[in-house]
Amino acid sequence: MSEVVPILAVAELSVRIAGLHILQGVSFTVAPSGVTVLLGRNGVGKTTTLRAILGLTPRGGEVRGTVRMGDRSLAGEPTHRLVRDGLGYVPEDRCVFAGLTVTENLRLAERRGGSPAYDRVFELFPELKRRGRQRAGSLSGGQQQMLAIGRVLLNDNRLLLVDEPTKGLAPKVVTEVAEVLERVAVAVPVLLVEQNLAVVRRLASDAVVLAAGRVAWSGAADELLREAELTRSLLGVGVAGESHVPLSTPAPGSAALSSPTDGSVPVSSSSDAEVAGR
Amino acid sequence: MSTIVLLTLTGLGLAALYFLVASGLSLVFGLADVLNFAHGLFLSVGAYATWWAAGNLPGAGPSGFGFVLAVAFGVAAGAVVGMAVELVMIRPLYSRTIEQVLVTVGLSLAGVALLQATWGADPRPFPRPDWTQRVTSVLGAKVPNSGILLILAAALVLAALLGFLRYTRYGLVIRAGVENREMVTALGIDVRKAFTLVFAIGGAAAALAGALGGVYFGSVSPSQGGSLLIFAFIVVVIGGMGSVVGSAYAAVAVGLLQQFVNYYGTSGAGDICVVALLAIVLLLRPQGIAGRAATT
Chain F
1 MSEVVPILAV AELSVRIAGL HILQGVSFTV APSGVTVLLG RNGVGKTTTL
51 RAILGLTPRG GEVRGTVRMG DRSLAGEPTH RLVRDGLGYV PEDRCVFAGL
101 TVTENLRLAE RRGGSPAYDR VFELFPELKR RGRQRAGSLS GGQQQMLAIG
151 RVLLNDNRLL LVDEPTKGLA PKVVTEVAEV LERVAVAVPV LLVEQNLAVV
201 RRLASDAVVL AAGRVAWSGA ADELLREAEL TRSLLGVGVA GESHVPLSTP
251 APGSAALSSP TDGSVPVSSS SDAEVAGR
Chain B
1 MSTIVLLTLT GLGLAALYFL VASGLSLVFG LADVLNFAHG LFLSVGAYAT
51 WWAAGNLPGA GPSGFGFVLA VAFGVAAGAV VGMAVELVMI RPLYSRTIEQ
101 VLVTVGLSLA GVALLQATWG ADPRPFPRPD WTQRVTSVLG AKVPNSGILL
151 ILAAALVLAA LLGFLRYTRY GLVIRAGVEN REMVTALGID VRKAFTLVFA
201 IGGAAAALAG ALGGVYFGSV SPSQGGSLLI FAFIVVVIGG MGSVVGSAYA
251 AVAVGLLQQF VNYYGTSGAG DICVVALLAI VLLLRPQGIA GRAATT
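Protein chains in written order, with the UniProt record's numbering: chain F, 1 to 278; chain B, 1 to 296.
Put into structure tokens, the structure is as follows:
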């Protein structure tokens with residue numbers, strides 16, 4: 001990985017919000033192709049990392065360290081300019097505009113100076129074309145996620161930041177979203193935050209694990225997932241003897257890498273076939 | 001019967017005035033989270049600029065096309081002042097609520113003082129075209145034309161605002177920004193441009209209220225803007241922060257309530273009823289009539 005010039009390099013990123021030192025010197029790189037997945041227990045700062053890269057840290061928050069995309073330093077640049085220059089963002093909880101129609105949501109995402117690729121979006125999500133006049137707030141969670149991904153794909157991106165795209169979705173929709181991301185990642189590198197290990201297994205080429213505000217491990221995703229012992233120590237998952245919850249049919253809060261209640265969720269090696277199967 | 005028609009139409013005239021001030025205030029608050037206490041100043045600027053133009057601007061005058069030109073000048077002045085206030089005073093203070101309130105309160109005080117220093121504290125007779133001084137008979141009620149003019153102007157502004165919000169790119173940005181400003185930025189849009197635009201629109205609408213209010217009341221004084229602003233704030237809260245349509249409904253409710261209660265009850269009771277209405281709405285529906293959505 002070291003020979004390849006990374007698309008994104010984060011160095012000594014430190015974020016303090018309202019007195020909490022959430023990130024304490026995070027350094028990692030994102031490969032210029034494929035999916036780099038950002039892992040870690042709940043509340044470890046994965047979303048904070050993505051938002052800091054985009055310059056979306058809330059006012060009063062303190063950000064230190066450097067973020068470089070190619071030769072360019074991103075620190076201090078306004079968010080809208082970063083996005084316009086090809087940093088696409090699919091936020092956690094989708095954040096579609098509920099009062100606007102699907103068509104209006106897409107129209108809003110057209111970036112200045114580009115030619116919006118409606119063909120590409122409607123080919124991936126024909127549903128969005130059919131539901132053009134529907135208010136985004138009345139779409140199902142899965143459809144909203146398609147819209148959130150679709151509006152980013154309307155434009156050409158150099159890197160996509162995607163935050164928990166399968167959170168709260170039905171198993172069938174999780175598979176669909178994973179399929180779309182797999183196709184998207186062929187053309188654009190993706191930095192993905194994802195809690196569903198089956199999706200991670202299917203998509204990720206590289207992995208970065210955060211723990212206690214720092215990078216605890218980084219390397220090839222295969223290597224991490226192959227070593228059950230390593231996975232368990234870093235992510236607190238896969239404790240032997242516990243009941244196996246199939247990842248393809250997540251019970252609320254249980255299919256996550258780390259649940260807020262006990263922090264350890266069993267990983268099934270066999271039942272994630274539906275999602276991981278190609 | 002004719003009394004009820006008269007009270008209804010004059011109440012709507014008052015509502016029109018409130019709506020013109022409140023619509024801009026509401027958009028500014030909904031999009032930019034700015035409580036703009038200087039909004040009343042935009043109204044005064046519009047009134048005084050119209051008054052000044054009617055007497056001094058070549059081509060403008062107190063009647064006919066000259067008056068239209070004078071009002072246009074007043075509205076343009078309101079838009080320019082609104083824009084300047086956003087660019088110079090508000091922009092450096094986004095997300096700093098206390099400082100914003102202080103600077104807009106200070107600005108409104110300074111603005112009133114400046115108008116007083118220039119043209120005196122006494123009311124000045126406002127130019128009134130002949131037609132606006134007459135009355136029109138509606139179902140037996142003799143309704144002042146200046147009130148009808150206000151209602152028509154407010155209806156036109158409402159239609160224009162809704163058309164702008166629904167069918168233009170900037171309108172789309174404003175509607176989305178009222179819902180989730182940060183996400184608009186994350187789609188690659190410089191939302192601050194929309195802030196400036198909303199201040200300009202709000203300034204223009206308030207200035208129109210100032211000009212037509214001057215015609216309605218027959219005079220203009222430096223403190224007019226401030227007293228109207230209180231009711232405009234009430235209208236914004238009742239209607240729902242950020243909603244133009246909500247402002248329209250709330251303005252009608254407040255205008256009619258005030259007019260009827262002041263006539264049938266004791267004078268001044270209408271204002272108390274308005275505050276009571278505000279309290280009831282806040283208790284039963286804290287998000288206001290329309291909630292946080294620009295065009296619903």
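Glycine is no exception: its CB is placed at the ideal position from the N, C-alpha and C atoms.
Residue interval of the alpha helix (DSSP H) (run including residue i)
| i | result |
| --- | --- |
| S233(F) | A228 to L235 |
| G55(F) | No alpha helix (DSSP H) holds G55(F); DSSP gives it neither H nor E. |
| A232(B) | Q224 to G239 |
| L256(B) | V244 to Y264 |
| M183(B) | R181 to T185 |
| C95(F) | C95(F) -> no alpha helix (DSSP H), and no H or E assigned at all. |
| L283(B) | A269 to L284 |
| K172(F) | P171 to A187 |
Helix, strand or coil at residue i according to DSSP, with G and I counted as helix
| i | result |
| --- | --- |
| Y89(F) | strand |
| G213(F) | coil |
| S221(B) | coil |
| D122(B) | coil |
| L38(F) | strand |
| R169(B) | helix |
| L34(B) | Reading off the sequence, residue 34(B) comes out as Val, not Leu. DSSP places V34(B) in coil when its eight states are reduced to three. |
| A60(B) | coil |
| L149(B) | helix |
| V4(F) | coil |
| V200(F) | helix |
| A9(F) | strand |
Enclosing beta strand (DSSP E) for residue i [first to last residue]
| i | result |
| --- | --- |
| S27(F) | L20 to V30 |
| V190(F) | V190 to V193 |
| E62(F) | E62 to M69 |
Distance, residue j Cα to residue i Cα
| i | j | result |
| --- | --- | --- |
| P92(B) | L56(F) | 18 Å |
| A205(B) | Y48(B) | 15 Å |
| C95(F) | A148(F) | 7 Å |
| E62(F) | A52(F) | 10 Å |
| T50(B) | I289(B) | 34 Å |
| E104(F) | S138(F) | 14 Å |
| A176(B) | Q133(B) | 43 Å |
| D206(F) | V10(F) | 15 Å |
| M9(B) | R285(B) | First, the residue type needs correcting, since residue 9(B) is Leu and not Met in the sequence shown. Taking the straight line from one Cα to the other gives about 28 Å. |
| T66(F) | A187(F) | 26 Å |
| R202(F) | R183(F) | 12 Å |
| V215(F) | E12(F) | 10 Å |
| S146(B) | A160(B) | 21 Å |
| G140(B) | V5(B) | 8 Å |
| V200(B) | V174(F) | The question names Val, but residue 200(B) in the sequence shown is Ala. Taking the straight line from one Cα to the other gives about 46 Å. |
| L77(B) | I174(B) | In the sequence as presented, Leu is not what sits at residue 77(B); that position holds Ala. C-alpha separation (whole angstroms): 23 Å. |
| L197(F) | E92(F) | 17 Å |
| L149(B) | R169(B) | 31 Å |
| V152(F) | A109(F) | 7 Å |
| L54(F) | A186(B) | 8 Å |
| R158(F) | D85(F) | 8 Å |
| A79(B) | L161(F) | 40 Å |
| A18(F) | T97(B) | 17 Å |
Cross-strand partners of residue i (DSSP beta bridge)
| i | result |
| --- | --- |
| L12(B) | DSSP, once it has assigned bridges, lists no residue as partnering L12(B). |
| L159(F) | L87(F) |
| G219(F) | A207(F) |
| V68(B) | Answer is none; V68(B) lacks a bridge partner. |
| E16(F) | In the sequence under discussion, the amino acid at residue 16(F) is Arg, which differs from the Glu named in the question. Per DSSP, H21(F) and E62(F). |
| P144(B) | V135(B) |
| T101(F) | R135(F) |
| R72(F) | M69(F) |
| V21(B) | BP columns for V21(B) are empty, so no partner. |
Burial state of residue i (16 or more Cβ within 10 Å)
| i | result |
| --- | --- |
| G132(F) | exposed |
| L212(B) | buried |
| K167(F) | buried |
| G210(B) | buried |
| R59(F) | exposed |
| Y167(B) | exposed |
| F231(B) | buried |
| I238(B) | buried |
| P165(F) | buried |
| I280(B) | exposed |
| P125(B) | exposed |
| I151(B) | buried |
| S23(B) | buried |
is_contact[residue i, chain C] using C-beta, thresh 9 Å
| i | result |
| --- | --- |
| S26(B) | In the structure shown, chain C does not exist; the protein chains are F and B. |
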